[in-house]
Structure formats: C-alpha cells, structure tokens
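> Here's a structure for you.
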Amino acid sequence: MTVPEYNKSVDDYSDGLYRFVLKNMGKAEQAEDIIQDTYEKLWMRVSLVDYRKVKSYLFTTAYHTMIDYLRKEKRFSGISDETDMPSDQSNYNGLKEALDRAISRLPADQRSVILLRDYEGYSYEEISEVTGLSESQVKVYIFRGRLFLKKYLGNPEKII
C-alpha cells in the first residue's frame with residue numbers, strides 16, 4: 039500500500055470504524071484511542087497490507103485491539119438478571135436510546151457481530167474474517183443477540 043492509499047483509507051473508513059468501536063465501548067475517548075492504535079498498526083505494516091483488503095484489516099485490527107482493551111480492563115460482563123427495561127406503562131419514545139442501552143447489555147462478542155452485521159452491513163463471511171470466529175459461530179451469536187434484544191425491548195410499539 040502506498041502513502042496516498044493509506045490516506046484514502048483514513049478518509050474512507052475512519053468514520054465507520056469509529057462508529058463500530060464507539061457502539062462497542064460506549065466512551066468516545068476509548069474509541070478514539072482504539073482507532074488511533076488501529077491506524078498506527080496499519081502504518082507500521084503499510085508495506086505489507088494490500089489496499090484492496092485494507093477495510094477488512096482495519097476492522098479486524100480494531101476488533102482485536104478493542105477485545106485486548108476490554109480484557110485488560112476486565113470489563114467482560116454477561117447479561118445480568120436485573121433489567122432496566124422501559125415499563126409497559128411508561129410513555130417512553132426514545133427508540134435510539136432504548137436500542138443503544140439494549141445493545142450495551144449484550145456480551146462483547148454478540149455486540150460486535152450484531153454491530154458489524156446490522157450497522158456496518160458486513161456479510162457473515164466478512165464478520166468471520168474480522169472476528170476470527172467461524173461463520174456458524176457468527177450466525178449463532180447474531181441469533182442469540184437478536185433474541186436477547188427482542189426479549190429486552192419487548193414490543194417496539196410500546197417504546198415508540
């Protein structure tokens with residue numbers, strides 16, 4: 039990859055990469071650090087990375103950097119029994135906030151594959167490459183994550 043191609047990859051993919059990491063991490067400062075680390079790693083390997091595969095490289099590197107950060111911070115947490123779902127009686131109409139809260143309650147692997155599939159539009163095969171999971175495991179995580187979201191959110195008409 040050449041320097042102009044590197045600069046083009048920054049222009050083309052940094053926003054999507056930032057959204058992906060921010061949705062997973064929840065804090066802008068952490069997401070910015072991870073994106074910076076990701077582009078630094080790309081710069082260190084700029085001569086070895088094929089420009090046609092740079093998007094996959096960036097998302098894979100960001101994903102692994104994010105997982106390393108989470109492990110370091112020991113922030114892996116499962117879905118807890120306590121819930122803060124909006125009640126049926128509430129007149130809550132913040133769909134985006136409810137969805138963001140529900141997604142944040144997913145385990146890290148499920149959250150990542152759902153964000154890659156539903157927010158970024160990756161195929162199962164591409165998600166498998168990015169995360170290092172098998173394609174069938176990606177499908178299982180997406181299914182389980184969507185099932186949790188459906189259960190957590192309940193009837194969308196109650197939220198709207």
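Positions 39 to 198 (this note's numbering) are the ones given, in order, by the sequence shown.
For every residue, glycine included, the Cβ atom is placed at its ideal position computed from N, Cα and C.
This one's a predicted model, so the numbers in the text were calculated from it and none came from an experiment.
(1) What residue does the alpha helix (DSSP H) around M39 start on, and which one ends it?
(2) Would G159 be called buried (16 or more neighbouring beta carbons within 10 Å of its own) or exposed?
(3) Which residue comes first and which comes last in the alpha helix (DSSP H) that contains S174?
(4) Please report the residue range of the alpha helix (DSSP H) in which S149 lies.
(5) First and last residue of the alpha helix (DSSP H) that includes K93?
(6) Assign K188 to one of two classes, buried (16 or more other C-beta atoms within 10 Å of its C-beta) or exposed (fewer than that).
(7) Are the stretch 68 to 75 and the stretch 97 to 112 in contact at 8 Å, needing three or more beta carbon pairs?
(8) For Y44 versus L80, is the C-beta distance shorter than 8 Å?
(9) Would you identify the three-state DSSP class for K65, choosing helix, strand or coil?
(10) Quick one: residues in its chain with C-beta nearer than 8 Å to the C-beta of D147, no 5 flanking neighbours on either side, listed in chain order?
(11) What are the boundary residues of the alpha helix (DSSP H) that includes V168?
(12) DSSP three-state call for L86: helix, strand or coil?
So, to answer that:
(1) No alpha helix (DSSP H) contains M39, which DSSP labels as neither H nor E.
(2) Per the 10 Å Cβ criterion, exposed.
(3) For S174, the uninterrupted alpha helix (DSSP H) segment begins and ends at 173 to 191.
(4) The displayed chain sequence assigns Arg, not Ser, to residue 149. Counting along the chain, the alpha helix (DSSP H) containing R149 begins and ends at 146 to 152.
(5) Its alpha helix (DSSP H) spans residues 92 to 111.
(6) The residue is exposed, with fewer than 16 neighbouring Cβ atoms inside 10 Å.
(7) With three or more CB-CB distances shorter than 8 Å, the stretch 68 to 75 counts as touching the stretch 97 to 112.
(8) In this structure, L80 lies closer than 8 Å to Y44 by Cβ.
(9) Coil, per DSSP.
(10) Taken in chain order, the residues that qualify are T169, L171, Y179.
(11) Its alpha helix (DSSP H) spans residues 162 to 169.
(12) Assignment of L86 by DSSP, reduced to helix, strand and coil, places it in the coil class.
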